[in-house]
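Visitor: Going by numbering that gives the first Met the number 0, the sequence shown wraps up at 228, each residue one higher than the last.
Glycine is no exception: its CB is placed at the ideal position from the N, C-alpha and C atoms.
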Amino acid sequence: MLNAIYKKKERIKWVKPVIYTVLFLLFLSVCYAEKVNRDLSDSMIRLHIVATSDSIQDQSLKYRVRDAVIEYMAGKMNGLRDKTDAASFISSHLHEIEQVANEIISREGMTEIAKASFGKYPFPSKQYANMILPAGFYDALKIEIGDAKGRNWWCVMFPPLCFTEDTKGELDEEYMSILKEQLSEEEMEIILSDGDKEIPVEIRFKIVEIFQESKIKLAGLLKGIISIK
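#1: Can you tell me which of V49, R150, R63, A73 puts its alpha carbon nearest to the alpha carbon of F157?
#2: Could you work out which residue in P121, E70, D41 is closest to A86 when comparing CA atoms only?
#3: Compare the beta carbon distance of W153 and L46 with 8 Å and say whether it is the shorter of the two.
#4: Nearest to L79 by CA position, among M130, M43, L140, Q98, is which residue?
#5: Where does the unbroken beta strand (DSSP E) through H47 begin, and where does it stop?
#6: At the level of alpha carbons, what is the spacing between A67 and E184?
#7: Please classify A134: does DSSP put it in a helix, a strand, or coil?
#8: Under 7 Å Cβ to Cβ from T166, same chain only, skipping five residues before and after it: list those, please.
#9: Measuring only the C-alpha atoms, how far is F117 from G108?
#10: Please classify R65 as buried or exposed, where buried requires at least 16 neighbouring CB atoms within 10 angstroms.
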């Protein structure tokens, strides 16, 4: 009997340090994921366009709106190298952006209304050329067309990484120089993808991806609960 109690106490002594170590590593992983997402969000602005439905016509309209908005923004934001200035410009030109989108919708003979907003929104992991951005919350220009129940389209608006049918989808030197000004060397390693990426880099990316995706799902769940109430 005494021997059994002794063994149980020994197991508890062994288990506690393991649990504390796991919790500590989990805490470090969460902090790391938050830091990477915060730094990425602080250095870029993304574009999110939502079609009114998944019909062929509505999806085609989404891409026409995309091309018009990207062309308009490229001309207006050309030369901006600071995210704060880019965010300020977008926030103060939401009405003009809506006009650009709604002109395309009207030209196509459709009755939907596009609504533009600027804020922090959840994004899934997404690859652009040879760059992969982990899931997380990013500052973004969001354009919702009509009921906004169709498939999404995403890109990076600042620094400019929005590709249309006429672009090749390549990261130019100017874009890379802007990113390097904003991000650390480690963060650049995480988002730049190539076939020879080292295992530790892949692990760091996965840490960010897993925790940010969980955060997005939790935020969606809480939003659903609040809306029910």
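Guide: Taking the definition as stated:
#1: Put simply, of V49, R150, R63, A73 the residue whose alpha carbon is nearest the alpha carbon of F157 is A73.
#2: Among P121, E70, D41, the Cα nearest to that of A86 is on D41.
#3: Taking 8 Å as the cut-off, the Cβ atoms of W153 and L46 count as close.
#4: Looking at the Cα atoms, M43 is the closest of the given residues.
#5: In the DSSP assignment, H47 falls within the beta strand (DSSP E) that extends over 44-49.
#6: Distance between the alpha carbons of A67 and E184 is about 35 Å.
#7: Correct three-state label for A134: coil.
#8: Only weak support exists for where T166 lies, its pLDDT of 46 falling under 50; the coordinates are left without a value.
#9: Taking the straight line joining both Cα atoms gives about 27 Å.
#10: Classification of R65: buried, given that the 10 Å Cβ count is 16 or more.
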